[in-house]
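Peer 1:
Protein chains: 6
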Amino acid sequence: MNAPILVINPNSSSQVTADMDRALDPLRGPGDPAIECLTLAEGPPGIETQRQVDEVVAPLCRLVEGRKDKAAAFVIACFSDPGLHALREVTARPVLGIAESGLLTALTLGQSVGIVSILAGSIPRHRRMIRALGIDSRLAGDRPLGLGVAELAAEAVTLERMIEVGGRLREADGADVLVLGCAGMARYRARLEQALSLPVVDPTQAAVGMAITAVRLGYGGGPHASTGSA
Amino acid sequence: MNAPILVINPNSSSQVTADMDRALDPLRGPGDPAIECLTLAEGPPGIETQRQVDEVVAPLCRLVEGRKDKAAAFVIACFSDPGLHALREVTARPVLGIAESGLLTALTLGQSVGIVSILAGSIPRHRRMIRALGIDSRLAGDRPLGLGVAELAAEAVTLERMIEVGGRLREADGADVLVLGCAGMARYRARLEQALSLPVVDPTQAAVGMAITAVRLGYGGGPHASTGSA
Amino acid sequence: MNAPILVINPNSSSQVTADMDRALDPLRGPGDPAIECLTLAEGPPGIETQRQVDEVVAPLCRLVEGRKDKAAAFVIACFSDPGLHALREVTARPVLGIAESGLLTALTLGQSVGIVSILAGSIPRHRRMIRALGIDSRLAGDRPLGLGVAELAAEAVTLERMIEVGGRLREADGADVLVLGCAGMARYRARLEQALSLPVVDPTQAAVGMAITAVRLGYGGGPHASTGSA
Amino acid sequence: MNAPILVINPNSSSQVTADMDRALDPLRGPGDPAIECLTLAEGPPGIETQRQVDEVVAPLCRLVEGRKDKAAAFVIACFSDPGLHALREVTARPVLGIAESGLLTALTLGQSVGIVSILAGSIPRHRRMIRALGIDSRLAGDRPLGLGVAELAAEAVTLERMIEVGGRLREADGADVLVLGCAGMARYRARLEQALSLPVVDPTQAAVGMAITAVRLGYGGGPHASTGSA
Amino acid sequence: MNAPILVINPNSSSQVTADMDRALDPLRGPGDPAIECLTLAEGPPGIETQRQVDEVVAPLCRLVEGRKDKAAAFVIACFSDPGLHALREVTARPVLGIAESGLLTALTLGQSVGIVSILAGSIPRHRRMIRALGIDSRLAGDRPLGLGVAELAAEAVTLERMIEVGGRLREADGADVLVLGCAGMARYRARLEQALSLPVVDPTQAAVGMAITAVRLGYGGGPHASTGSA
Amino acid sequence: MNAPILVINPNSSSQVTADMDRALDPLRGPGDPAIECLTLAEGPPGIETQRQVDEVVAPLCRLVEGRKDKAAAFVIACFSDPGLHALREVTARPVLGIAESGLLTALTLGQSVGIVSILAGSIPRHRRMIRALGIDSRLAGDRPLGLGVAELAAEAVTLERMIEVGGRLREADGADVLVLGCAGMARYRARLEQALSLPVVDPTQAAVGMAITAVRLGYGGGPHASTGSA
């Protein structure tokens, strides 16, 4: 099991890739597949529209196709899960999307999930995705930070706004678990949990955790050792 | 992080415990917490009724309470998830149920989930659980093997019947992923996948995979390292 | 049909038992089975956690088993319906839970149900139960009084807070019928109805009403007279 | 509380009225309001279309309006619940529909409800009603007897067909409780229960049971005695 | 195909009929069936209760029956869709309801639908209808203008209130498309769209658009030309 | 309003384009916008996988962007609605997808929708789409023809198989309206309706009908004449 898990950031921001890479350290153990993060060269600087979601699928498919014998699993690190179902056709290796993984993980940590999104414009897109997942009765709310790029660069401002938005998800919407609706925000996770006394899921971490398990258990059609004796 | 993950078989059949223990070998890596399987002494020989589900909760709580500083996480290895939400109150460590974990994992492997159950009498109980989980729009069907204890002991008969039931879940109900509705059936997983060309989830494996991730990422309120720098 | 309907308060507060007993007087007619309220000796002073819900099931089962030939029906008088499905296995006599009965009754009195709960911590538990019942599209909201034990003892304070919470369920959440999310609050029912001009369901009353009907009609497998001629 | 409960058969078949009247005997106790069954003179011989459902509402409203001070509650005895919500505007007395009451009662007796209907043409109408009730996740199936009037008159033929249809609801659809999708079939209830080992709800009985409780507890806005002291 | 589309205003206000008639001009093309609006003489001045909804069905059926060979399609122009399913039995011509058509059209213009209703008392009725339609997961909210008849006559006051209510549907409820919950308000549509930057559906326009298509495509059982060659 | 409605066939089969073009003749009236059908040059011969669905979005966006001032509306003529939400960002003109339009139209013609699909492999993709639409409680079933390309060319064989599959949707699944799950099958519509006595929706026709209405009513943000006076 020497092939790595490839975590693909479909936007072209290598800063986001670096941030998520650091956040995955707790999942790097001596017996685990390597976790390799890479940036989709063809991606836009950020994925903010459905068109951008859809248009990265073709380069994602090419990338995965080119690596399919050299990776143990693939993680798509954008909260709109671009190409998730297409990539599952391209390769028999496990493919995890961070929204799907993050939301399903949250279902094990609370009854009503709140999503901390960056942009108001993403919320209708999330709604479609959550209905398609069939879990909309578990959604408490989805609220945007509404910060511009400049403000997002300022860590203290961002954290303060996350606490405010998370607090409204908890108080007004009844959320008892939060999911960060974006890759690359894991650095705030511990502080947000502490401030709000709620579990917070970083979706990229959740997806990579699921990918490790999937590799070990042979999900996705590859040869697997489902029992000690097999 | 030297404390083990405790996998508790709430019935008193040590054969089932031994079977699941063997099936967890793919999840035992050098950097992982140990996985320790144990049998609930107070449990009935098998859990077949709602009363049995409910009555093992008290001894499960005592067991978990007694071990809560000496375990990294807990897995309840019965497809009715007895005491899942009670145990989450008893300890801040992650607690996973095999039904919840197995079903959520299946959602990442197909669109419509089929459950291979042992007894017809469990199906109404599963229905309540699946509605409580909020994922009933993803259920294709739940069909029982309908085998007696004697027949379950005969591996060839059981496998043949699993293939028959799984085939009906696929053909008549439209399932594109199966979940074994019972602990201790992992030995059939690979053969069933091969016979039906469908992914098959062993719920105990799925839950222990989720538990390992939860320990590494610090879900459940314990101290955690959510980023490389924290 | 001289056997009584047993209404079991699963907490050990005999004050709560006495309160509900008084509230059942309108259901005591000359031709009805007697209604006998009793306190579960093994119960905790109040049921506030899932663990307490689950741990009263074993003594409830023993109690019902011991009385099953001497009762016409059983009512479990705690809004978490502890052991409801287990008890239905223990006896062929009708078993009603006050949450199930209270919520279903409310569906005949309005389109959108508001629940007046005591504690915020119960709400996620209620959510699971309501999803399991399959009626979550009829829930308007569930809001807690958030009063401590001392305050609950003060009737005027409690009523004032109930009117405030009920008013928010009506105004902010759109409830057109309310259910008291607790046994033993029937004394406030008429005043709350009057203050809010909404129907208010006391769940213990609702469940006992359903139990009387179930006894008369022979639900639950006992011998019954389904037509005048049979 | 000397006013009777009026059970209105909205079709003009006095035979159906007589049949339901007999089936209500178990609900006639010394302390209960009288139960008076009457036939809507303006009704069609049978209610088989949505138009017939809608067109009986006007005469039903006039009838209820004329009796509203002389009845304790009203039951509409047609499985399409004609005028249910209109009548609730006309009178503050409780108004129960047999479909709503029968289906909600069934939710307390099983997890998955099967409906034994008379005509295939009624099933789309039932679907709308069940979705409007918000309980469609609890419906196992709805199957018609498909018998003509002549055959329905032959009791043995009808019973045999009911057992066959009920058996398919149980086997193919997974129903664990049945509701008779029609007024006036209560005479078959006990035999169908016995043949299928499933609880069977006669909806008129269920609705009258709910009406008695509603009268005693003062639902619907009338003066009521919600506690012993009030 | 010279028969007109009949748009029936089930209330007796000819002013409302005249308003909707004017709003349908964009749908009157040289190749289209004529659109004829008429007032139901037997209707109440306004339809505000379920009883009124139900009681106009009989005269609607008579009207449609009398015209069924002389109309290409029928539109029922009241947001409670009175008699929609009954009329579909009366005639094989297409019958459209403005609520059904308006809401389904809105699903093509946004993810979450907000309804601008006139009266608070209509909202529970709308809830039942939306659940019966099976689209309640797409409803963002339903808020009333709460204006009396006198105020509704004042156009500036009404528009101001519509903008306020629509703004709350957008901000508090997350609506990204609005439906006017009433016939005869089309005159405000363009101004409301402009003020809120949201698409706004006038349901009568939407239903007549659907009716024209239905006539051209031969829905509803009439003879049709489904392909160019047929 | 001289700009045409562009109907884009996202696969490169000009035969399919020609077939749908012919089927749109009933929607070509003297006052209507022209309907222009075109084939996406970059499309695959047929769209059978999620990857193909996703990969046509980029060329679709370019095509629509290039024509956005020269078209009154756009229809995407593939039953997977590729790029539907992306295209709605690209242009303010109405964009309709044939699956969305066909399914919503079917909701006005029956209670339970059956889909006649070509390939079994498309059904999980349809399931996601239908859940995302939020109308899964209205789906009766989705069954494939399971015919190879050669067989699809033989009209008699295809029709026979459609009648067989449609018959099972009606009998076994309870469908009372059918949707053709593919573009370019309109030629079978009338014969299928006649054979099964059920309304059948050709989704391309339905979508173009909706597009004509959308153009006339000014949906999608363009300048519009919502009332006769504006």
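Chains as they are written, first to last, in this note's numbering: chain A, 1 to 230; chain B, 1001 to 1230; chain C, 2001 to 2230; chain D, 3001 to 3230; chain E, 4001 to 4230; chain F, 5001 to 5230. Quick reminder that beta carbons are idealized off the backbone N, C-alpha and C, glycines included. This one's a predicted model, so the numbers in the text were calculated from it and none came from an experiment.
1. Starting from residue 3061/D, find everything on chain E with Cβ-Cβ shorter than 9 Å and list it in chain order.
2. If contact means a Cβ-Cβ distance below 9 Å, which residues of the segment 5015 to 5046 of chain F contact chain B?
3. Please list the terminal residues of the continuous beta strand (DSSP E) segment that includes residue 961/B.
4. Report the residue from 3168/D, 3023/D, 3039/D, 3148/D whose alpha carbon sits nearest the alpha carbon of residue 3119/D.
5. By a C-beta neighbour count over all protein chains shown, 10 Å radius and 16 as the cutoff for buried, is residue 5137/F buried or exposed?
6. Under 8 Å Cβ-Cβ, which residues of chain F neighbour residue 155/A?
7. So with Cβ pairs under 7 Å, would you call residue 230/A a contact of chain C?
8. For the candidate residues 2174/C, 2172/C, 2068/C, 2200/C, whose alpha-carbon lies nearest to that of residue 2180/C?
9. Starting from residue 3213/D, find everything on chain C with Cβ-Cβ shorter than 9 Å and list it in chain order.
10. CA-CA distance, residue 5187/F and residue 5196/F?
11. If the cut is a Cβ gap below 8 Å, which residues of chain B does residue 216/A touch?
12. Please tell me whether residue 2031/C and residue 3218/D are closer than 7 Å, where the distance is taken between their beta carbons.
13. Counting only beta-carbon atoms, is residue 4173/E nearer than 7 Å to chain A?
14. Could you list which residues in chain B have their beta carbon closer than 7 Å to that of residue 3194/D, in chain order?
15. Hey, could you find the ends of the alpha helix (DSSP H) residue 39/A is sitting in?
16. For a contact defined as C-beta to C-beta under 7 Å, what are the partners of residue 89/A on chain F?
17. Which residue's Cα is closest to the Cα of residue 5168/F: 5002/F, 5014/F, 5198/F, 5087/F?
18. Give a yes or no on whether the minimum CB-CB distance between residue 5126/F and chain A is below 7 Å.
19. Using a Cβ cut-off of 7 Å (strictly closer), state whether residue 5136/F contacts chain B.
20. To the nearest angstrom, how far is the alpha carbon of residue 3021/D from that of residue 5135/F?
21. Could you give the distance in angstroms between the alpha-carbon of residue 4161/E and the alpha-carbon of residue 2172/C?
22. Please tell me whether residue 2071/C has its Cβ less than 7 Å away from any Cβ of chain B.
23. So is residue 193/A buried or exposed if we call it buried at 16+ other beta carbons inside 10 Å?
24. Excluding five sequence neighbours on each side, which residues of the same chain lie with their C-beta closer than 7 Å to the C-beta of residue 2209/C?
25. Can you name, in chain order, every residue of its own chain whose Cβ lies under 7 Å from the Cβ of residue 2174/C, other than the five neighbours on each side?
26. Given this structure, state the Cα-to-Cα distance separating residue 202/A from residue 82/A, to the nearest angstrom.
27. Going along the chain, which residues of its own chain have a beta-carbon closer than 6 Å to the beta-carbon of residue 4019/E, five neighbours each way excluded?
28. Using a Cβ-Cβ cut-off of 6 Å (strictly less than) and excluding sequence neighbours within five positions of residue 2087/C, which residues of its own chain qualify?
29. Going by DSSP, what residues sit across from residue 3144/D in a beta bridge?
30. Between the Cα of residue 3062/D and the Cα atoms of 3052/D, 3042/D, 3048/D, which residue gives the shortest distance?
31. For residue 1067/B and chain C, any beta-carbon pair shorter than 7 Å?
32. Helix, strand or coil: how does DSSP classify residue 4096/E here?
33. In whole angstroms, what is the alpha-carbon distance linking residue 2142/C and residue 2123/C?
34. Which one or two residues does DSSP pair with residue 4200/E in a beta bridge?
35. Under 7 Å, Cβ to Cβ, is there at least one residue of chain C near residue 176/A?
Peer 2: Put simply:
1. 4051, 4054, 4055
2. none
3. Residue 961/B lies beyond the range of chain B shown here (1001 to 1230); nothing can be said about it.
4. 3148/D
5. buried
6. Result: empty, since nearest Cβ-Cβ is about 31 Å, beyond 8 Å.
7. Any answer about residue 230/A is weak, because its pLDDT of 30 lies below 50 and its placement is not dependable; what the coordinates show is given next. Not an interface residue.
8. 2200/C
9. Here the neighbours are 2027, 2105, 2205, 2206, 2208, 2209, 2210, 2212, 2213.
10. 16 Å
11. 1026, 1027, 1029, 1209
12. no
13. no
14. Result: empty, since nearest Cβ-Cβ is about 20 Å, beyond 7 Å.
15. Unbroken run through residue 39/A is the beta strand (DSSP E), 35 to 39; no alpha helix (DSSP H).
16. 5049, 5050, 5051, listed in chain order.
17. Residue nearest to residue 5168/F within the set 5002/F, 5014/F, 5198/F, 5087/F is 5198/F (criterion: CA-CA distance).
18. no
19. yes
20. 41 Å
21. 19 Å
22. no
23. Buried, since its Cβ has 16 or more Cβ neighbours within 10 Å.
24. Counting only Cβ-Cβ distances below 7 Å, and skipping sequence neighbours, we find 2027.
25. 2112, 2140
26. 18 Å
27. The beta carbon of residue 4019/E sits closer than 6 Å to the beta carbons of 4184 from its chain, once the five residues preceding and following it are set aside; these are given in chain order.
28. 2064, 2095
29. Paired residues: 3117/D.
30. Among 3052/D, 3042/D, 3048/D, the Cα nearest to that of residue 3062/D is on 3042/D.
31. Contact with chain C is absent for residue 1067/B, since none of that chain's Cβ atoms lies less than 7 Å from the residue's Cβ.
32. strand
33. 7 Å
34. 4178/E
35. yes
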